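Heads up, the thing below is written out as structure tokens.
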Amino acid sequence: ETVPVPDELRALRRELGFDYGKFDFVMHEGRAVLLDANKTPGRARSLSSFVAAGNANLADGFEGLIRQVT
Numbered sequence: 004e005t006v007p008v009p010d011e012l013r014a015l016r017r018e019l020g021f022d023y024g025k026f027d028f029v030m031h032e033g034r035a036v037l038l039d040a041n042k043t044p045g046r047a048r049s050l051s052s053f054v055a056a057g058n059a060n061l062a063d064g065f066e067g068l069i070r071q072v073t
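The sequence shown begins at 4 in this note's numbering and counts up one residue at a time.
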């Protein structure tokens, strides 16, 4: 059954850094009670730092190839 996601769980999702995953919760006396949180593995939290690190590795590899050829 699809139910609306309470704002307090949306805030908790942001706080925990969940970009995608599943929260199991129940409503008790009008408040959401989190029972379980399962984060789906995915991209790095800071994608720009991940890309920068990858670019640095590529640059080192290209430099090594160029030095071998020249």
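Cβ coordinates follow ideal geometry from the N, Cα and C atoms, glycine included. Predicted model only: the values in this text are computed from it and were never measured.
Run through the DSSP bridge pairs and tell me what residue i is partnered with.
{"i": "V36", "result": "V29"}
{"i": "G24", "result": "K42"}
Can you tell me where the alpha helix (DSSP H) with residue i in it begins and where it stops?
{"i": "E4", "result": "Neither: E4 is in no alpha helix (DSSP H) and is coded neither H nor E."}
Return the residue from the list the options that minimises the CA-CA distance to residue i.
{"i": "D22", "options": "A55, L61, A40 and A59", "result": "A40"}
{"i": "V36", "options": "G24, R13 and T43", "result": "R13"}
{"i": "T25", "options": "R34, L68, G67 and V8", "result": "Checking the sequence shown, residue 25 turns out to be Lys, not Thr. Looking at the Cα atoms, V8 is the closest of the given residues."}
{"i": "E4", "options": "P44, F28 and G33", "result": "F28"}
{"i": "R17", "options": "G33, V6, K42 and H31", "result": "K42"}
Would residue i pass as an interface residue toward chain C - the criterion being a Cβ-Cβ separation below 7 Å?
{"i": "A14", "result": "Looking for chain C here will not work: only one protein chain is present."}
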